[in-house]
Amino acid sequence: MSVDRAILFRLATSTSLERVVKALPRGRDTAWRAAAPYVAGINTDDAIRAARELSDRKVASSIDQFGELVDDPAVAQRVTDDYLRLADRLTDADDAWLAIDLSHLGLDIDPRGCADRIAEIARALPDGRRIQVGAEDYSRSDAVLACVLDAADRGLGDRLGATVQANLHRTPGDVERLQHAGVHIRLVKGAYVEPPDRALPFGEPTDIAYLRLAHQLAATNTPFALATHDGVLREALLASLGPVPIEQLLGVRPEVIDDLTARGIPTRVYIPFGDDWFRYWMRRLAESRGA
Ligand SMILES: Cc1cc2nc3c(=O)[nH]c(=O)nc-3n(C[C@H](O)[C@H](O)[C@H](O)COP(=O)(O)OP(=O)(O)OC[C@H]3O[C@@H](n4cnc5c(N)ncnc54)[C@H](O)[C@@H]3O)c2cc1C
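For what it's worth, the working numbering labels the leading residue of the sequence shown as 379, then goes sequentially.
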């Protein structure tokens, strides 16, 4: 594991750092100005506006309300209600999907209830839309997979998406199970620092795994997308697989999205919004330094 990556990751997920920065005179405002390119805003209207602007440029989107690690059933219900309202608003933006981390829906406290909640949101989506489930740290991989498969089993596979992390040793097996369930699969490198018995190091080993997984995904009819800002990986895969959909994060290399769209390659941008933007921004900052 690269020490730099581990340190930056710890800083980026540190609530103490967030508290210190926000307590500084003008600390919050300065941080918010720097974070703004990566975040649609604080409320639903901001997110829908960002999705509409993208759709005017023929770019699809996935809207995510910040949040994770919910351990209170009342909060999990409130988040579900927020997502049901968001699902209603999706008709305002062409090809906008939703995105969520299942720990935000109370996965840690009630996995079965979490499957019920994700299924309820999936059913509320307009036809043709999906809710993409994020990949969290390794300790939640089994629970996240089980929850997605449970919801897909209720006839909702074509309304769901899963995210798989190329750095994890387990991912080729997870991909097979998700392909079988018919859910959309988003392939990422993996944002979490994990030990060697669970994951490949970042850099070349993860990049090679990413290439192999992309070919595994392309070998069946399952819908999938390549979510990466790595231009070399992306262009190598587009050259070998054809115009596979590419996904990026809001604010990261936006010029690439315009170039891809002009080349007729389907694109989708992840749009996060909400109050809890600080640590998300720190992670993007760390990744922009190559961590
Ligand atoms: C749509 C989407 C959804 C994702 N969902 C998940 C998820 O659910 N779970 C998960 O673990 N991870 C997720 N990720 C994050 C992913 O795992 C990586 O941590 C992140 O995308 C960086 O990896 P990369 O593929 O862009 O490659 P990298 O090798 O990190 O980056 C490639 C190039 O892009 C540049 N770059 C990267 N970030 C920035 C930036 N902020 N500003 C400027 N340049 C930058 C780098 O400097 C480098 O030159 C998601 C990523 C995307 C795009």
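Where is the CB? At the ideal position from N, CA and C, for every residue including glycine.
Assign residue i to one of three DSSP states: helix, strand, or coil.
i	result
residue 387	helix
residue 475	strand
residue 392	coil
residue 418	coil
residue 446	coil
residue 494	helix
residue 402	coil
residue 489	helix
residue 424	helix
Under the DSSP definition of a beta bridge, which residues are partnered with residue i?
i	result
residue 580	Per DSSP, none; premise fails for residue 580.
residue 604	565 and 624
Looking at ligand 3, does it come within less than 6 Å of residue i, judged from the CB to the closest heavy atom?
i	result
residue 541	Of the ligands this structure carries, namely ligand 1, none is ligand 3.
Would you report the Cα separation of residue i and residue j, rounded to the nearest angstrom?
i	j	result
residue 631	residue 607	7 Å
residue 506	residue 536	8 Å
residue 573	residue 469	42 Å
residue 557	residue 598	8 Å
residue 664	residue 387	7 Å
residue 496	residue 626	23 Å
residue 471	residue 654	24 Å
residue 605	residue 444	19 Å
residue 575	residue 518	16 Å
residue 407	residue 649	21 Å
residue 393	residue 425	25 Å
residue 577	residue 638	31 Å
residue 396	residue 620	42 Å
residue 666	residue 660	10 Å
residue 601	residue 554	13 Å
residue 543	residue 569	8 Å
residue 688	residue 440	In the structure as shown, the chain starts at 379 and stops at 669, and residue 688 therefore has no counterpart that could be examined.
residue 492	residue 385	32 Å
residue 402	residue 623	42 Å
How would you write the range of the beta strand (DSSP E) that residue i sits in, first residue to last?
i	result
residue 441	438-443
residue 647	645-651
Where do the N-terminal and C-terminal ends of the alpha helix (DSSP H) with residue i fall, by residue?
i	result
residue 613	609-619
residue 635	632-640
residue 405	405-413
residue 458	451-467
residue 670	This structure does not reach residue 670, given that the chain is present from 379 up to 669, and the question cannot be answered.
7 Å is my cut-off, CB to CB: does residue i come that close to chain C?
i	result
residue 629	Among the protein chains of the structure shown there is no chain C, as only one such chain exists.
Residue ranges of each alpha helix (DSSP H) run of no fewer than 4 residues wholly in the stretch 500-571, ordered along the chain?
-> 519-529 and 549-559
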